[in-house]
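What the sequence shown shows, in this note's numbering, is residues 142 to 544, in sequence order.
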Amino acid sequence: MNRILRFLYGYLLLELKGGAKERFLNLCASRGIYVWNVKKREENLWLYVTLADFFNLRPLVRKTKAKVVIRQRHGLPFFMPKLRKKWFFLFCTALTFFVLVMASTRLWSIDCVGNHGVTDDQLEEFLESRGLKRGVAMSQIHESELEKELRKAFSDLSWVSVTLRGSRMTISVKESLKPAGKTQDKKTPGDLVSPFDGVVVDVIVRNGVPKVKAGDAVVNGQILIAGSVPIYGDDGLVKQWAYVEADGDVIIERTCLYEEALPSRYVVNENTGRRGSGYAVTIGNRNLKLQLQKDFLNEYVTERDITPSFFTFLSIPVRLREIDRIEYLPTLRFYDDKEARKLLEKKIMRFLATLEEKGVQIIEKNVKIDNEGDFWLIHGEILVWEKAMLFQKLEEGADKAVN
């Protein structure tokens with residue numbers, strides 16, 4: 142508390158030279174003049190005294206035949222004259238403080254947490270219909286009433302919590318779980334057919350009638366396992382047909398043709414070494430760029446957020462970004478034999494990996510790489526074993542011939 146009072150009223154650091162220094166201190170004590178931090182430096186005394194008591198030291202200095210030199214001035218009385226010369230700085234500081242105080246009383250950010258079926262847009266549209274949008278005074282928001290209105294407007298919300306912090310409103314919700322309807326596990330009658338030409342390697346039937354065997358050549362669309370099952374009578378004749386969903390594993394060996402081209406020349410962006418920088422300010426939805434140099438014809442642009450943390454804490458829609466620009470020059474280059482082969486081999490390896498992810502077994506690959514002038518070409522044949530997965534719906538009542 143004493144430090145605050147001293148700053149408000151002002152105080153001085155004095156150097157007392159010559160004279161009767163002890164008598165000077167005794168006279169100060171007898172006159173009620175408070176001095177502190179008295180220190181002796183060489184032959185002189187250094188001490189602090191308030192500005193008001195300084196004007197009462199003149200008779201004491203005369204009696205003790207001492208000399209007083211002011212070394213430092215502290216406190217508001219000495220600080221204010223300097224600020225008078227910087228009135229514009231004071232005005233801007235006060236204006237900034239006023240704007241921050243006013244902005245902190247407004248709603249600038251709305252966060253929705255826990256919502257899935259009810260979208261953020263739906264919640265914000267509901268809030269706007271109640272007059273609660275960005276920029277509204279925080280005093281107009283009543284959490285408990287808003288929670289009741291949200292639960293009433295959205296029947297899917299089983300729990301709602303509205304929290305106000307700074308200039309941010311967070312709406313946390315929990316949605317009611319709707320029991321999923323029971324789906325009937327009804328299978329559709331149909332045939333398993335071949336999606337490509339090839340030779341059957343293996344057949345495993347779980348449901349239906351097999352139409353092919355290992356070693357048979359098949360074509361695209363040919364029935365592999367029929368979903369129409371004949372029911373025979375005692376006389377060995379077909380009495381009726383049962384229609385089921387054909388199910389089984391039919392492995393077919395087929396040849397995949399592979400071809401991919403790579404242009405022999407390409408463009409690479411080389412840095413020129415020239416850089417530029419600037420700043421961008423975003424206020425609401427408006428962007429203002431403060432660039433120190435002109436834009437380059439070809440450039441990489443990176444931005445770094447340097448917004449002071451108190452703007453984010455108060456959810457004030459002001460963002461400050463530092464922009465770094467690097468100039469580059471497009472340069473034409475050509476692939477040599479080693480580079481081209483390496484890139485094309487990577488391409489075919491990705492293609493083979495895609496096939497294996499689909500459950501296709503690679504048996505043999507025979508590919509080669511050629512230089513066709515303007516481009517490099519990789520082409521060839523890949524022998525694979527692949528499971529037939531094409532299902533063809535079967536209409537009940539259709540006549541099926543028995544082979």
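Ideal Cβ placement from N, Cα and C applies to all residues, glycine included.
Computed from a prediction, not measured in an experiment: that's the story for all the values here.
Selected residue, minimal CA-CA separation from residue i, among the options
i	options	result
LYS159	ALA244, MET490, VAL210 and TYR407	What sits at residue 159 in the sequence shown is Gly, not Lys. Taking only the C-alpha atoms, the option nearest GLY159 is VAL210.
SER285	LEU461, ILE312 and ASP343	ILE312
LYS499	GLU480, LYS528, ASP511 and PRO200	LYS528
ARG347	VAL340, LEU333, ALA358 and PHE337	LEU333
LEU473	ASN410, THR495, GLU480 and ASP511	ASN410
CYS397	CYS233, GLU522, GLU480 and VAL508	GLU522
ARG309	ILE464, MET490 and CYS253	CYS253
ILE345	GLU440, LEU470, ALA387 and LEU291	ALA387
LEU305	TRP382, THR237 and ILE282	ILE282
PRO471	ASN439, LYS328 and ILE364	ASN439
LYS430	ARG406, ARG415, ASN412 and ARG460	ARG460
GLY255	MET243, PHE239, VAL303 and THR234	VAL303
LYS208	LEU155, VAL190 and MET243	LEU155
TRP177	LYS352, LYS488, LEU153 and SER250	LEU153
VAL301	GLU290, VAL314, LEU484 and GLY307	VAL314
GLU401	LYS509, GLU316 and ILE503	LYS509
Residues that residue i bridges to, as DSSP identifies them
i	result
THR311	ASP252 and THR304
GLU316	LEU298
GLN363	Answer by DSSP bridge pairing: none, since GLN363 is not bridged.
LYS208	LYS158
CYS397	ILE523
ASN185	ARG182
ILE447	In DSSP, ILE447 forms no bridge with anything.
Cα-Cα separation between residue i and residue j, rounded to whole angstroms
i	j	result
GLY276	GLY417	36 angstroms
THR324	VAL385	Low confidence applies here, because THR324 scores a pLDDT of 42, under 50, leaving its location unreliable; read the following figure in that light. Straight-line Cα distance between these residues: approximately 19 angstroms.
ASP515	VAL408	14 angstroms
PRO545	PHE267	Examination of residue 545 is not possible in this model, given that the chain is present from 142 through 544 alone.
VAL422	LEU518	50 angstroms
ASP446	ARG462	4 angstroms
PRO404	ASN361	34 angstroms
PHE452	PHE232	21 angstroms
PHE219	GLY419	39 angstroms
PHE230	VAL179	38 angstroms
LEU524	GLN381	42 angstroms
VAL442	TYR399	40 angstroms
GLU269	MET243	21 angstroms
LYS483	GLU468	30 angstroms
LEU531	LYS328	16 angstroms
Distance between beta carbons of residue j and residue i, contact taken as under 8 angstroms
i	j	result
GLY349	GLY368	5 angstroms
GLU486	ILE464	With a Cβ gap of about 41 angstroms, GLU486 and ILE464 do not count as contacting.
LEU168	ASN185	No, LEU168 and ASN185 are not in contact; Cβ-Cβ is about 18 angstroms, not under 8 angstroms.
ALA358	ILE372	About 31 angstroms; that fails the 8 angstroms criterion.
LEU217	PHE148	6 angstroms
message: Check whether the region 339 to 356 and the region 376 to 394 are in contact - that is, three or more C-beta pairs closer than 8 angstroms.
response: yes
query: Do the region 459 to 479 and the region 489 to 505 meet, that is, are 3 or more Cβ pairs less than 8 angstroms apart?
result: no
query: Would the region 147 to 162 and the region 194 to 209 be scored as touching if the rule is three or more Cβ pairs under 8 angstroms?
result: yes
Given 8 angstroms, three or more beta-carbon pairs between the region 247 to 262 and the region 292 to 303: yes
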